[in-house]
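Just below is one structure, and these are the notes that go with it.
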Amino acid sequence: MPTAILAVRRFAPMWILALLAALLAVGSTPAHAAPDTSVVVDGSQGGRTFDGIGAISGGGGNSRLLRDYPAAQQAQILDYLFKPGYGANLQLLKLEIGGDANSTDGSEPSIEHARGTVNCDAGYEFWLAEQAKARNPGIKLYGLAWAAPGWINGGFWSTDTIDYLISWLGCAKQHGLDISYLGGWNERGHDADWFVQLRAALDAHGYRDIQLVADDSGWGVADDMAKDPAFNDAVSIIGTHYSCEGGDGGNAHTCSSTTTAKNSGKPLWDSENGSQDMNTGAPALIRAITRGYLDAKMTSYFNWPLIAAIYPNLPYGTVGLATANSPWSGNYTIGASTWATAQVTQFAQPGWTFVDSASGYLGGSESNGSYVTLKSPNGSDYSTVLETTTATAPQTVNVQVKGGLSTGTVHVWSTDVNTPDPATSFVRGQDITPAADGSYSLTMQPGHVYTVTTTSGQGKGTASAPAAHALALPYRDSFDGDAAGTEARYLSDMQGSFEVQPCAAGRRGMCLQQMAPVKPIEWQDDSDLFTLVGDTTWSDYTLQTDAELAKPGTLELIGRAGTQNRPQSHQQGYFFQISDTGAWSILKSDADGKRTALMRSATTPLGTGTWHTLALSFDGPSITASVDGRELGTVSDGSYSAGLGGLGLTSYDTDQFDNLSFTPVRHAGPAAALTVTPSPSTVQRGKQLTVTTTVSVPKQGKPADGVNMTLDAPAGFVYDSMAQVFGSVQPGHSATAVWQLTAPTGAASKPVLTATATFAQQGVAQVLRQDAQVQVVNPPPPSGVNDVSDLDFVTSTNGWGPVERDQSVGGTNAGDGTPLTINGTVYPKGLGTNSVSDVTIYLGGNCSKFTATVGNDDDAGGNGSMTFSVLGDGKSLAATGTIRGHDPAQQISADLTGVQTLDLVVGDAGDGNAYDHGDWAEPKLTCAG
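So the sequence shown is numbered by my numbering: it starts at 54 and just counts up by one.
Here you go:
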């Protein structure tokens, strides 16, 4: 049964409601039912001004891989984030002002690595802002620093930093971007005098319209502003982080601010919240928005981060509104948090006003959920956002609209955030027509967000992502196709800044250079400077690169890089380090930052200003380091079997790399064969087929140990996909797995089935894959006049037991019903169902008419209520209202001209499916032939 049912009604006369209440009191009532909530939406009332909902790109590196996505999928993701009426519809975007140091999931580049050398095209934040503005010109931008370049004198709270921020604003202007808001140092408190100086500098440089936000930390800033008039005058907005219950990643059941902050006369912003999975974090996200206003009077919310466009081995790999970690495949996922956000942003704009008198907790208790109402500046439109994420039972809200607000049609949209599913995300429900006095009611299910609105223009994007696949080996990058000052494709910096620059030391073309010449002002702990690239599934490969030491120091190659914990020095993987003196080592690092030397030695000094070729190779447990084609040493360690690659150095130098490559280590091919055979190879929709997969070892081959076979079938096939495991297959023998599948019930298609076999021969892991195509066809269409109960079904579903032919639904077994009987009349032919039921029949455009007599079977004893619908190719052709027990039988008919697929659907009328024994009596199809 559906998990979300929306019921709407106008207010009935009081005597009818009293009678219904008396009747319902006789029966059982739902456990823990929440009381009804009455809401008066009065346009003459008001509250604080809504400043918008946003997200944060940065803190750090979390948008990195989005820049390298294929153009089509990149545009789709950006549409889902920023395009009005399509997805999250973000109204604010906070950008990290890069500082060459890690700020959670990576290091974002500074525009000024060295004093006086400004590169306004560094990084990707300005590009992202341009894309956001192109989709939503009204979006407002907010700049905030986590780290800062190391050339700054006097620490972060210095005049140098102010000058750096002015340069950053100048770069934004070069990109055609107006910055509306500017902060200080993320989560590092404040220096009041510095904010006063920053305000003066902004005014002096023509940035009077930029509003300062302080202090992106806690509420203590409000106390200091109250004591310091100059500080108070400099700051326009009080922004705090994670002010709801549980803090960073918390449940946000309640939120808090301070009396001083509320009385400051400044807007209060939840300038960072979130830190939760894109799906499971959606309930907390919407609570932080609604309850953030109710409890703390916060008028804006920023989710951290915007998107998890990072490698999946990094912290917070699925945190944000969406994930995009496979740019080479174009795969991405839009999370439920996108749709929870849309429940606000698509219905209220910055500048709207909260209506405090129409905002509160459902039933007066936070356990039931919460609601906020906002009205438009024109005083006519309004939207109410209601969340039932902490409720356990359905509840009803009774609304009265007055005070000049529109009493016209109200549109209803909802998202099931407690059990996320694309099918139940941002769904438009039944419109409500209020009574003449502006009253209406809404019944809500637990675990949802609902928005009722008089506005229009909302929408849900339809773009879908291609399937994910691994980054193919070999992979190479010479960097010669990149412009100076840009980031190389797929490289994700963890510390420092790696940019493409003209090659040094006599080499032509472009190379990859570490750009931070001194240690930055850091936000989290220091580490080696390194960048990651590749695929977490890469196992046996050789990482090779040319490298040049600009001055004495140590270079490093990283392989099989797996889990990274915070700080970034806690990077799991293997490290080959070699210095200008020739000293080298192979190290193993775990995800807690512990490094173990597996081998140390020395070779000919590399010197400086000279190019050398370095390599790190993995073959099973064997790890080999090489320089200039000479093997330095091989060590055996099986701790980590797969992971990304990386380049790095251990000091803040401007060393260069060139001709990066990853090539697979080739093993002897498997001495075995895999076959896959579908029977039949042509199958009707919804019918069964058998697939056999066989691994055969030739007589002259070696035993195949631990044979494991799997079968992958496209969506729509029903089968047990569990791997089938066999022991050793000896030479001259074979192992066969048998799979029973039910073909998809959707349209005809030519799907490909993929069999995979894994095993070992002489200790070497082997993989075989083989495809087989099957043809899923439509069944023959009916001809002449047919009783529907005599036809084959493409598929059928039923709310209790199977759909019965020529008898009513009985128990859970086929054929255990009684003769079809509606209101005393027995029908020899027909279908017996129990809601919710759907019978699908293929017509192939060959039929012209459907007729039937419908009703509730007498065996339900007068209980039950249901609806009957006839659908042609997914569109409603005919439907009844609600039919109850002992109601007279009804006639239903439909014109089937051109219809390919017919569905006969019995619904539960919104009150459950008990005793809903819906009969299709004498259902007939009139067809050609």
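Glycine included, every Cβ here is placed at the ideal spot set by N, Cα and C.
The structure displayed is predicted, hence computed values, not measured ones.
- The stretch 168 to 179 makes no contact with the stretch 125 to 144: fewer than 3 CB pairs, one atom from each, lie closer than 8 angstroms.
- Residue nearest to N421 within the set K428, E440, S901 and V463 is E440 (criterion: CA-CA distance).
- Only residues of its own chain outside the window of five on either side were considered, and among them R738 and G769 have a CB closer than 8 angstroms to the CB of G799, listed in chain order.
- When DSSP assignments are scanned along the stretch 765 to 853, no uninterrupted stretch of alpha helix (DSSP H) that is 4 or more residues long falls wholly within it.
- In this structure, M563 places its C-beta atom within 7 angstroms of the C-beta atom of D535.
- Proximity of the stretch 263 to 270 to the stretch 284 to 297 meets the contact definition, three or more beta-carbon pairs being nearer than 8 angstroms.
- Going by beta carbons, A678 and I639 fall inside the 7 angstroms limit.
- Taking all protein chains in view, the Cβ of H522 is surrounded by fewer than 16 other Cβ atoms within 10 Å, so the residue is classified as exposed.
- With contacts defined as CB atoms closer than 7 angstroms, T504 and V438 qualify as a contacting pair.
- Here the C-alpha atom of A790 lies approximately 54 angstroms from the C-alpha atom of S632.
- The criterion of a C-beta distance shorter than 7 angstroms is not satisfied by I263 and I215.
- Counting only unbroken stretches of 3 or more residues, the beta strand (DSSP E) elements lying wholly within the stretch 896 to 945 are 900 to 909, 918 to 925 and 928 to 932, in sequence order.
- DSSP places G345 in the helix class (H, G or I) of the three-state scheme.
- Inclusion of G457 and G432 in the CB contact set at 7 angstroms is warranted, their separation being smaller than that value.
- Looking only at Q144, S160, N916 and H166, the smallest Cα-Cα distance to L585 is reached by S160.
- Straight-line measurement puts the Cα of L702 at about 22 angstroms from the Cα of V688.
- In terms of Cβ geometry, A341 and C297 form a close pair [threshold 7 angstroms].
- Per the C-alpha coordinates, the member of S412, S436 and G416 positioned closest to V425 is S412.
- Judged by beta-carbon spacing, A87 lies within the 7 angstroms limit of A446, meaning their Cβ atoms are closer than that value.
- In this structure, T307 lies near D348, with their beta-carbon atoms less than 7 angstroms apart.
- Excluding the 5 residues flanking it on each side, L251 has same chain C-beta neighbours closer than 8 angstroms at I215, L218, L235, G237, L265 and A287, in chain order.
- M351 counts as buried, since at least 16 other C-beta atoms from the protein chains shown sit within 10 angstroms of its C-beta.
- Between V744 and L794 a beta carbon distance of about 6 angstroms is seen, short of the 8 angstroms cut, so the two are scored as contacting.
- Excluding residues up to 5 positions away in sequence, I164, E165 and V171 lie with their Cβ nearer than 7 angstroms to the Cβ of S220 in the same chain.
- Across the structure, D104 and K604 are spaced so that their CA atoms are roughly 51 angstroms apart.
- Beta-bridge analysis with DSSP links A267 to I291.
- Under DSSP, T437 shares a beta bridge with T426 and V505.
- Look at the beta carbons and you see the stretch 748 to 762 not touching the stretch 636 to 650: under three pairs across the two are nearer than 8 angstroms.
- Between D474 and the set T386, P941, Q953 and T506, the nearest pair of CA atoms involves T386.
- Here Y414 carries a strand assignment [DSSP, helix/strand/coil].
- Taking a contact to require three or more Cβ pairs closer than 8 angstroms, the stretch 90 to 98 and the stretch 395 to 410 qualify as touching.
- DSSP places V249 inside the alpha helix (DSSP H), whose first and last residues are A245 to A257.
- Under DSSP, A668 shares a beta bridge with Q597 and S679.
- Per DSSP, the continuous alpha helix (DSSP H) segment holding D276 begins and ends at G273 to K280.
- DSSP, read as helix, strand or coil, puts W405 in coil.
- Annotated three-state conformation of P733 is coil, per DSSP.
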